[in-house]
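**Student:** In terms of this note's numbering, the sequence shown opens at residue 806 and continues consecutively. We put the beta carbon where it would ideally sit given N, CA and C, even for glycine. Nothing here was measured: the structure is a model prediction, and the numbers come from that model. One structure coming up, written as structure tokens, with questions to follow.
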Amino acid sequence: MAREDGAAVNARDRLVSAADEPDEKQLESALRPARLDEFVGQQRVRRQLSLVLEASRLRGRSADHVLLSGPPGLGKTTLAMIIAEEMGAPLRISSGPAIQHAGDLAAILSSLTEGEVLFLDEIHRMSRPAEEMLYMAMEDFRVDIVVGKGAGATSIPLDLPPFTLVGATTRAGLLPGPLRDRFGFTGHLEFYSVGELELVLRRSAGLMDLAMTAEAFAEVASRSRGTPRIANRLLRRVRDWALVHGVGRIDVRTSSAALDMYEVDARGLDRLDRSVLEALVRKFGGGPVGLSTLAIAVGEETETVETVAEPYLVREGLLGRTPRGRIAMAAAWEHLGLVPPEQAAFRDPVLRRVPGVAPEDPLLFEDGLGDGPGDGDGPGV
């Protein structure tokens, strides 16, 4: 847990981080859609969720409990607010880290009104005693409160009004099975396409009264890592640049200049991402190199490289994870303007000795390889 918290702190220092920043909440709230038909992207989840909410309204009952999973910045909090708005119900917001005792959860549940929507962000970080209390609350709308200690302790049942729990998590695999099974609807949010991000940016620009060309929208969207939160953050930085330089209508040259000044390149990589690739390619010849060695080379903690920089680099096909360490894929060399050596990504002798598998087999580079103790930092690397 400490590693996750530490990575989150480092992530907030980056313009292209999808982590939520406290000073941005008011700005983000102004840009959030209020209705499901205003929500851009996530077509599959939107259709399924719309059916769930409409059926609940027709039955005149609270909606089933909803679990939303996916990377940060894709709209889980926004969907929770939309669910409350669509159901015409009040919204109560809390988070898993804030509920460390069963009594904390009991206090929240006992104060809910009928039909109220309870949103728990990062629900996978809730304490185990609180999770066990939540099982009964979700299924039977009842909790047992223990009064006293030892032999004199008594359990007092407390009935709860029907409510809808909306849980959000970035790591659905950490949720215990009994908790996942109690959600009536589970939606997984995917990264956005450039076209969908352009629609998000057009809506946000309209609310911010910004005049932009179609090419400018496309430029900002292409650098946003498939994440609306990052897209809106970059849009605000472009707006600031245009305001300071007296630009009335933002074109592609203006947006490019603004984002170049903030060191966000055409592929959405920032200084940390490029530092990792530069070290991997120029200092270690494309690898393989161990995680801790790579972190030392870029002057960062291993947790920062692994949890902040690597996910996007792996997703973009720029970096690979192998049993002997990290390697630069051919796309990394090309992105840095270098010519990749022949079969640069497959020079590891360990990989060549894997029986029955061709060197280009993508299964060799699945996430999880090389995640054991040492992670490629053993002798010979």
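Tell me which residue opens and which closes the alpha helix (DSSP H) that isoleucine 887 is part of.
**Tutor:** Isoleucine 887 -> alpha helix (DSSP H) spans 881-892.
**Student:** What whole-angstrom Cβ distance do aspartate 1056 and threonine 1018 have, given they're in contact under 8 Å?
**Tutor:** 5 Å
**Student:** In terms of residue numbering, what span does the beta strand (DSSP E) encompassing aspartate 1065 cover?
**Tutor:** Unbroken run through aspartate 1065 is the alpha helix (DSSP H), 1057-1066; no beta strand (DSSP E).
**Student:** Comparing C-alpha positions only, which one of His870, Leu925, Leu965, Asp909 sits nearest to leucine 917?
**Tutor:** Comparing Cα positions, the closest option is Leu965.
**Student:** When the Cα atoms are used, what is the spatial distance from serine 861 to serine 855?
**Tutor:** 10 Å
**Student:** Among Gly920, Pro877, Val971, Phe996, which residue has its Cα nearest to the Cα of leucine 984?
**Tutor:** Val971
**Student:** Mapping the DSSP letters down to three states, classify threonine 1098 as helix, strand or coil.
**Tutor:** Looking at threonine 1098 - three-state DSSP - the assignment turns out to be helix.
**Student:** Using DSSP with H/G/I as helix, E/B as strand and the rest coil, what is serine 998?
**Tutor:** Residue state, collapsed to three classes: coil.
**Student:** Restricting to runs no shorter than 3 residues, where is the beta strand (DSSP E) found entirely within the region 931-955?
**Tutor:** 947-952
**Student:** According to the neighbour-count rule (16 or more other Cβ atoms, all chains shown, within 10 Å of its Cβ), is aspartate 1078 buried or exposed?
**Tutor:** buried
**Student:** List the residues that DSSP assigns as beta-bridge partners of glycine 992.
**Tutor:** Leu873
**Student:** Who are the near neighbours of isoleucine 904 in its chain, counting only those whose CB is closer than 8 Å to its CB and skipping five residues on each side?
**Tutor:** Leu910, Ile913, Leu925, Met931, Ser932, Ala935
**Student:** Would you call the CB atoms of leucine 1064 and leucine 1118 closer than 9 Å?
**Tutor:** no
**Student:** Nearest CA to the CA of alanine 1136: which residue from Val1144, Arg1129, Gly1130?
**Tutor:** Val1144
**Student:** What three-state label does DSSP hand isoleucine 913 in the structure shown?
**Tutor:** In the structure shown, isoleucine 913 sits in a helix (DSSP, three-state: H, G or I).
**Student:** For a minimum of 4 consecutive residues, which ranges assigned as the alpha helix (DSSP H) are wholly contained in the region 1014-1050?
**Tutor:** 1019-1027, 1033-1049
**Student:** Use the C-beta contact count for glutamate 927: other C-beta atoms within 10 angstroms, 16 or more gives buried, fewer gives exposed.
**Tutor:** buried
**Student:** Going by DSSP, what residues sit across from aspartate 964 in a beta bridge?
**Tutor:** Arg947
**Student:** With the cut-off set at 9 Å, would you say arginine 1087 and histidine 1140 are in Cβ contact?
**Tutor:** no
**Student:** Excluding five sequence neighbours on each side, which residues of the same chain lie with their C-beta closer than 6 Å to the C-beta of serine 1080?
**Tutor:** Val1103
**Student:** Hey, would you say glycine 920 sits closer than 9 Å to threonine 969, going by beta carbons?
**Tutor:** yes
**Student:** Using three-state DSSP, classify leucine 1124 as helix, strand or coil.
**Tutor:** strand
**Student:** Any idea if histidine 929 is buried or exposed, counting beta-carbon neighbours within 10 angstroms, 16 or more meaning buried?
**Tutor:** buried
**Student:** So, for methionine 886: in the same chain, excluding its five sequence neighbours on each side, which residues have a beta-carbon less than 7 Å away from its beta-carbon?
**Tutor:** Arg837, Leu896
**Student:** Buried or exposed: serine 998, going by 16 or more other Cβ atoms within 10 Å of its Cβ?
**Tutor:** With fewer than 16 Cβ atoms within 10 Å of its Cβ, serine 998 is classed as exposed.
**Student:** Is serine 1009 helix, strand or coil by DSSP?
**Tutor:** helix
**Student:** Quick one: is glutamate 891 buried, meaning 16 or more other Cβ sit within 10 Å of its Cβ, or exposed?
**Tutor:** Sixteen is the threshold: when 16 or more other Cβ atoms of the shown chains lie within 10 Å of the Cβ of glutamate 891, as they do, the residue is buried.
**Student:** So for glutamate 1106, helix, strand or coil by DSSP?
**Tutor:** coil
**Student:** Could you give the DSSP three-state label for alanine 973: helix, strand or coil?
**Tutor:** strand
**Student:** Helix, strand or coil: which one does DSSP assign to glycine 1130?
**Tutor:** strand
**Student:** Quick one: what does DSSP say serine 864 is sitting in, helix, strand or coil?
**Tutor:** Going by the sequence as given, residue 864 is arginine instead of serine. DSSP places arginine 864 in helix when its eight states are reduced to three.
**Student:** May I ask which residues mark the beginning and end of the beta strand (DSSP E) holding leucine 896?
**Tutor:** 896-900
**Student:** The beta strand (DSSP E) with aspartate 842 in it runs from where to where?
**Tutor:** Premise fails: aspartate 842 is in no beta strand (DSSP E) and is neither H nor E.
**Student:** Going straight from the alpha carbon of glutamate 1105 to that of arginine 1038, what length do you get?
**Tutor:** Glutamate 1105 and arginine 1038: Cα-Cα distance of roughly 24 Å.
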